[in-house]
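Shown next, in structure tokens, is the structure this report addresses.
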Amino acid sequence: MNEKEQLVLELIRKNPFVSQQEIADEMKLSRPAVANLISGLMKKGIITGRAYVIPEMQKIVCIGGANVDRKFHLKNDAQLGTSNPTTATVAIGGVARNIAENLGRLGHAVKLMTVAGQDADWELITTYSEPFMDLSSVQQLPGESTGSYSAVLDPHGELVIAMATMDVYTSLTPDYISLNERHIAQASMIVMDLNCTKATSEFVRRLAVRHGTPLTIVPVSSPKMANMPDTLEGVTWFICNEDEAEAYTGIPIDTINDWERAVLALLDAGAEHVVVTRGSEGVMAADRQTKQILHAKAIQEVQVEDVTGAGDAFISGLLHGVVSGWPNDKAVQAGRVNAAKTLESPSTVRPELTVSQLEHEMEEYK
3 MNEKEQLVLE LIRKNPFVSQ QEIADEMKLS RPAVANLISG LMKKGIITGR AYVIPEMQKI
63 VCIGGANVDR KFHLKNDAQL GTSNPTTATV AIGGVARNIA ENLGRLGHAV KLMTVAGQDA
123 DWELITTYSE PFMDLSSVQQ LPGESTGSYS AVLDPHGELV IAMATMDVYT SLTPDYISLN
183 ERHIAQASMI VMDLNCTKAT SEFVRRLAVR HGTPLTIVPV SSPKMANMPD TLEGVTWFIC
243 NEDEAEAYTG IPIDTINDWE RAVLALLDAG AEHVVVTRGS EGVMAADRQT KQILHAKAIQ
303 EVQVEDVTGA GDAFISGLLH GVVSGWPNDK AVQAGRVNAA KTLESPSTVR PELTVSQLEH
363 EMEEYK
């Protein structure tokens, strides 16, 4: 757009019912000149109809957790039954929120749907999340505490133990989802973690099927597998780690062949695309149409700073590729690279992440 078109667009944003003469008077142009500018904007698809409707970018709707993460970094190896010297940091987390921020930093329009308390923790989450996602559908509940996650990390950045306070998510109900059904119907994709009840995940699955909206499910942890929907039919992407795959399929994953069997079992359960990660062993992916297995090893040359958020970064990079129309192998590569770079960062979502940065890093690891 040129400068005059941008000014016309700004005036229409302020008042979609503004007349061409009013625009002409504001810009000190003739009405025919304004008509030509509006015609040009319509041909470009930037505005439509009358009133002048500016189409909204389809959003990726992320449903699930938004927490305050407290990390305690041990100065020495952990000793049970006594106090351990640590340094402490506070960050913003939650699987759905982390994925939303990653995708927002990668240029996607994102809406977060979650429940929270009316407390300082939610205000903190809002401050750091609002630049990257739409929070207008979040429901704040009086008397509830915003979700929190506390992790103890050893001197090498590996997780020793974690504690989660997540009672608020019992209020992430079908009724809440139903109030926001129009957002699901209009979404380019739904990404749902399992910080919700089984009834809610099944309700979201049915809505996705009804509206033809692609649905990605991210389990969060093995215990959360109890919140899986009744079936994987209608699930476009199911992305989990080996423990979660074992919990769902009943297949112990000890070998490459076990890993492949678990992936194929998840496809047979109804998912269109399946990805199962195994940490340093990498990822295995397949689709129901071809059932061809893609095995991509983890990137090895990584100086691990903190493992928190790496899984969410992998999922986000992968989904960025999917939504961008990339082939699956390239989308998986985007996930691998984003995860590797997040491992090297002290932040749960690395602040330097952009589309151009990720694409440059993907070139490095070709």
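My numbering applies: residue 3 is where the sequence shown begins, and numbers increase by one.
Ideal placement from N, C-alpha and C gives every residue a C-beta, glycine not left out.
Count the other C-beta atoms from every protein chain shown that fall within 10 angstroms of the C-beta of residue i, then say buried if there are 16 or more, exposed otherwise.
i    : result
A273 : buried
K113 : buried
T167 : exposed
R184 : exposed
S138 : exposed
R107 : buried
Y367 : exposed
K46  : exposed
I163 : exposed
T310 : buried
Compute the beta-carbon to beta-carbon distance between residue i and residue j, rounded to the nearest angstrom, for a pair I have assumed lies under 8 angstroms.
i    : j    : result
A288 : V265 : 5 angstroms
A201 : M227 : Contact doesn't hold; Cβ gap of about 15 angstroms is too wide.
E307 : E346 : 5 angstroms
A315 : N340 : 4 angstroms
A267 : L234 : About 10 angstroms; that fails the 8 angstroms criterion.
State the beta-bridge partners of residue i as determined by DSSP.
i    : result
I219 : M194 and F240
K113 : V63 and D136
S150 : V70 and T167
A288 : V276
A298 : V285
L209 : DSSP lists no partner for L209.
Q141 : V117
H75  : T89 and L155
L161 : L155
G95  : N69
So which of the options has the shortest CA-CA distance to residue i?
i    : options                   : result
N330 : E354, Q359, D27 and V277  : V277
D169 : G149, L155, P157 and D156 : G149
P221 : G83, A68, M194 and P157   : M194
A68  : T129, I40 and Q335        : T129
T257 : Y171, L234, E283 and E235 : E283
C64  : G95, I48 and M191         : M191
Would you say residue i and residue j are within 8 angstroms of each other, going by their C-beta atoms?
i    : j    : result
R207 : L196 : no
L11  : V70  : no
T251 : N229 : no
I317 : I241 : yes
Q22  : A37  : yes
L155 : L76  : yes
Does the Cβ of residue i lie closer than 7 angstroms to at least one heavy atom of the ligand GTP?
i   : result
G96 : Ligands displayed in this structure: none; no statement on the ligand GTP is therefore possible.
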